[in-house]
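Per the numbering used here, the sequence shown starts with residue 93, numbered consecutively. Okay, so here's the structure we're looking at.
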Amino acid sequence: MNADPQRAASSAGFAVVCEQLAKAYPTPTGSVPALRGVDLAVRTREVMFLVGPSGCGKTTLISIVAGVLRRDAGRCTIFDVDPESLPSAQATAFRRDHIGFVFQSYNLIPSLSVRDNVSIPLLLQRAKPRDAAKTAQRSLELVGLSDQADKMPSELSGGQQQRVAIARAIVHSPRLIVCDEPTSALDHTTGRDIMKLLRSLVLERGTTLIVVTHDRRIYEYADRIAEMDDGRITGIRASSSVIVEGTAP
Ligand SMILES: Nc1ncnc2c1ncn2[C@@H]1O[C@H](COP(=O)(O)OP(=O)(O)O)[C@@H](O)[C@H]1O
Ligand SMILES: [Mg+2]
């Protein structure tokens, strides 16, 4: 991967740089502003938490960063690349290869088994189905669900489905993982195990992590915490007690 000039250029710098990002949602009763000029820079290998009241724009912001939503104005580069400025096939390939996204609502495909859901990012990269299934199985082991691989999503609890979504987001070793409330359906111990796992990816794979959360119990896993309110970043502070873990649970 060191031969990749984009990686070399960004390794000393920033994984994500947003400048004056703006977004509003058109509705029948008028435009609803969600982002009003967001500036945010996340360093390579950093764990950045994003916190703030419901409706302040957290999901909108990370959806734009992950490329599942288009901005209205401003700029957003991921490892020095602005995917929105690329032709659409290249933008899709860039996101597919470099970004893992854990949706707030999990977004599992109900008609596919747990293992097949987790295999999707690899199949999109044209991995052989048998290899994809093996790698998916390992990813499920990391989130503690290796014995659930043959089940359908509807047979799992909400917390288990959330962990499947995390297994799917990390299965292809993306350089950036963006998680929307990844511990919201998990008990305290499982939530901490998941954060330890995600932090271990930062150490072992050099991943950059952005985590939207309301869960104060996991704040200690952040390097920095960005606070949002009413469509803007209102402050960024260093986390007071960072836990560094090198081993997956
Ligand atoms: N699809 C949508 N259509 C209209 N308004 C939306 C839509 N999604 C979000 N919003 C509005 O945009 C604002 C920011 O929402 P969101 O990014 O989901 O905030 P958060 O994740 O912090 O709760 C809120 O006022 C919300 O009601
Ligand atoms: Mg949200």
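We treat Cβ as the ideally placed atom computed from N, Cα and C, and that holds for glycine. The structure presented is a predicted model; accordingly, all values stated were derived computationally and were not measured.
- Of the candidates Ser177, Leu293, Leu214, the residue whose Cα lies closest to the Cα of Asp189 is Leu214.
- Between Lys115 and Ile156 the beta-carbon gap is near 6 Å, inside 8 Å, which marks them as a contact.
- For the pair of segments examined, the stretch 292–303 was found to touch the stretch 125–142: the number of CB pairs separated by less than 8 Å reaches three.
- DSSP places Pro118 in the uninterrupted beta strand (DSSP E) bounded by 106–119.
- DSSP places Arg187 in the helix class (H, G or I) of the three-state scheme.
- Checking the 6 Å criterion, the Cβ of Thr151 is within range of a heavy atom belonging to ligand 2.
- Boundaries cannot be given for Leu278, as no beta strand (DSSP E) includes it and DSSP labels it neither H nor E.
- Under DSSP, Pro125 shares a beta bridge with Ala116.
- When the Cα atoms are used, Cys271 and Ser146 turn out to be separated by approximately 16 Å.
- For Thr227 and Arg267, the gap between their C-alpha atoms comes out near 17 Å.
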